[in-house]
Ligand SMILES: *Cc1c(COP(=O)(O)O)cnc(C)c1O
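Here it is as structure tokens:
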């Protein structure tokens, strides 16, 4: 099959490279792990996007997660348009912040008080500061394979050994910062026990993605997450669920409800803003009392609680909080994934699909995958071929085999059937090579 035309995208990319490092404003957009130059997107509607060359795609990237209702949702667009008539930002409180907060707090058993930020990174960075301010301790334990945004103390990867100080995973992060972050493997109770023993009395928090979904989909056993929670409690450390990707995705109350485990602090982002930049962290009244101006932990934002962004969040979360929303979306995803699994089984292809809620991930392996180390980097060559074949057949997946895909409420039987046929064909090509 001939490759789709990317002439206009390629032209825009040549220009963008003169303006931005790598031609992009966020690295993974640069298509470094797949074939060809990045597609420049012109518009989106429901499950579809169109690029600058007029190619149409069924989109499973969903702007990396936020678009659970699909592109250009009419309810969100109308609400945003209405609110914009009154101005875009005041740097003073508005009733819209109350409205979004009420929608969240009333429908969520895990937060009593919240603070809005403008991104997931900011939310997590602030949650970490809050945990340190609340406990008076310094060290943070994080997991290899979990992404928590690009703040300094979280851009760390595991060193060698079971329990190690993190090594910076980005130039420009001082070693002293990385030394405050302990990085251990997921799905390993012994590593948790050892980390707490080694840094006794100085662990402020353990941070984990509710369900790790930024480096493949690494679904953890409930028993393990429970152990994590109990160990935190026993050691006077806080458990932070970073639910920037899983919040409002696997259910309105995210992974905390999925596991039935109460984190001490929770962070949200992505879906919460209905496609506009919003992040949030929240906890009990008692913990949140430590945030400025009530308490001594400083955190602020010129555009935090921005009325236009709040409007988008209100419109989105109103739909998400309606009866049966998640049941329908999750059932639709399950049926889609089951059909893919049947095809894979019938053909005997070396490929597993991991899924939870409306998230799915293609792993070119037959092993169970629970940790970052379980992922074979050489398997990404297969993803690369699949990605190209899918683009040629009008299906858009995020441009990296480590990224998950999302089904949105706007995907209908028509798109899912079309996607299935395209995926079958793409896989036949991947495994014919
Ligand atoms: C996307 C993501 C972040 C970062 O959010 P940004 O809005 O990109 O800053 C943090 N944590 C998790 C779990 C995420 O998925």
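Numbering (the working numbering), first residue to last: -18 to 414.
Positions of the beta carbon are idealized from the N, C-alpha and C atoms, including for glycine.
In three-state terms, what does DSSP make of residue 148? Three-state result, residue 148: strand.
When DSSP builds the beta bridges, which residues end up paired with residue 343? Answer is 334, bridged to residue 343.
When you measure from the CB of residue 425 to every non-hydrogen atom of ligand 1, does any distance come out below 7 Å? Limits of the chain in this structure are -18 at one end and 414 at the other, which puts residue 425 out of reach.
State the start and end residues of the unbroken alpha helix (DSSP H) segment that holds residue 116. That run of the alpha helix (DSSP H) goes 101 to 116.
Using the three-state DSSP reduction, which class does residue 239 fall into: helix, strand or coil? Taken through DSSP and simplified to helix, strand or coil, residue 239 comes out as helix.
Specify, as a first and last residue, the run of the alpha helix (DSSP H) that residue -13 falls within. Neither: residue -13 is in no alpha helix (DSSP H) and is coded neither H nor E.
Residue span of the beta strand (DSSP E) that contains residue 37, given as start and end: The continuous beta strand (DSSP E) containing residue 37 extends over residues 37 to 40.
Hey, how far is the Cα of residue 336 from the Cα of residue 324? When rounded, the distance between both Cα atoms is 16 Å.
Got a sec, what are the start and stop residues for the beta strand (DSSP E) residue 159 sits in? DSSP places residue 159 outside any beta strand (DSSP E); the residue lies instead in the alpha helix (DSSP H), whose first and last residues are 156 to 159.
Let me make sure I understand the geometry here. Which of 283, 193 and 177 has the alpha-carbon closest to that of residue 215? The shortest C-alpha separation from residue 215 is found at 177.
Taking the alpha-carbon of residue 348 as reference, which of 341, 333 and 360 has the nearest alpha-carbon? Comparing alpha-carbon positions, the option among 341, 333 and 360 lying closest to residue 348 turns out to be 333.
Straight-line gap, residue 31 to residue 144 (C-alpha atoms, nearest Å): Per the coordinates, the alpha-carbon of residue 31 lies some 47 Å from the alpha-carbon of residue 144.
Between the Cα of residue 212 and those of 199, 185 and 198, spot the shortest distance and give me the residue it belongs to. Taking only the C-alpha atoms, the option nearest residue 212 is 185.
For residue -12, count the other beta carbons within 10 Å of its own beta carbon; 16 or more makes it buried, fewer makes it exposed. Which is it? With fewer than 16 Cβ atoms within 10 Å of its Cβ, residue -12 is classed as exposed.
For residue 395, does the count of other Cβ atoms within 10 angstroms reach 16, so buried, or fall short, so exposed? With a 10 Å radius around the Cβ and a threshold of 16 neighbouring Cβ atoms, residue 395 comes out exposed.
Given that a residue counts as buried once 16 or more other Cβ atoms are within 10 Å of its Cβ, and exposed if not, what is residue 70? Residue 70 should be labelled exposed.
Given 7 Å as the limit, tell me if residue 102 has its C-beta closer than that to any heavy atom belonging to ligand 1. Under cutoff, so the answer is yes.
Under 8 Å between C-beta atoms of residue 310 and residue 388: A contact, by the Cβ cut-off of 8 Å.
Complete beta strand (DSSP E) runs within the region -11 to 66 (minimum length 3 residues, chain order): Here the runs fully enclosed are 22 to 26, 29 to 32 and 37 to 40.
Between the alpha carbons of residue 44 and residue 25, how many angstroms are there, rounded? Cα-Cα distance, rounded: 10 Å.
In the DSSP assignment, find the beta strand (DSSP E) that holds residue 269 and state where it starts and stops. For residue 269, no beta strand (DSSP E) segment is defined; the enclosing uninterrupted segment is the alpha helix (DSSP H) at 266 to 269.
At the level of alpha carbons, what is the spacing between residue 312 and residue 338? Approximately 8 Å between the Cα atoms of the pair.
Going by DSSP, what residues sit across from residue 162 in a beta bridge? As computed with DSSP, residue 162 is found in a beta bridge with 121.
Anyone know if the C-beta pair for residue 165 and residue 208 falls short of 8 Å? Against a cut-off of 8 Å, the Cβ pair of residue 208 and residue 165 comes out as no contact.
Under 7 Å from any heavy atom of ligand 2, does the C-beta of residue 385 make it? Ligand 2 is absent from the structure shown, which contains only ligand 1.
Under a three-way DSSP split, which group does residue 405 fall into? Correct three-state label for residue 405: helix.
Is residue 308 helix, strand or coil when you go by DSSP? In the structure shown, residue 308 falls within a helical segment according to DSSP collapsed to helix, strand and coil.
Our contact map puts residue 288 next to residue 77 with C-beta atoms below 8 Å; I'd like the distance itself, whole angstroms only. Rounded, the Cβ-Cβ distance is 5 Å, consistent with contact.
Any heavy atom of ligand 1 closer than 7 Å to the CB of residue 223? Residue 223 Cβ: within cutoff of ligand 1.
How long is the line joining the alpha carbons of residue 328 and residue 17, rounded to whole angstroms? Approximately 29 Å between the Cα atoms of the pair.
Give me the residue from 87, 90, 88 and 107 with the minimum Cα distance to residue 96. Comparing alpha carbon positions, the residue from 87, 90, 88 and 107 closest to residue 96 is 107.
Pairs of beta-carbons, one from the region 49 to 67 and one from the region 290 to 304, closer than 8 Å: are there three or more? They touch, by the three-pair rule.
Nearest to residue 151 (by Cα), restricted to the options 315, 8 and -3: Minimum Cα distance to residue 151 is reached at 8.
Compare the beta carbon distance of residue 4 and residue -3 with 8 Å and say whether it is the shorter of the two. Taking C-beta atoms as the reference points, residue 4 and residue -3 count as a pair closer than 8 Å.
Are residue 386 and residue 41 touching if we call contact CB-CB under 8 Å? Yes, they are a contact pair.
Bridge partners - residue 248, DSSP secondary structure assignment: Answer by DSSP bridge pairing, in chain order: 223 and 262.
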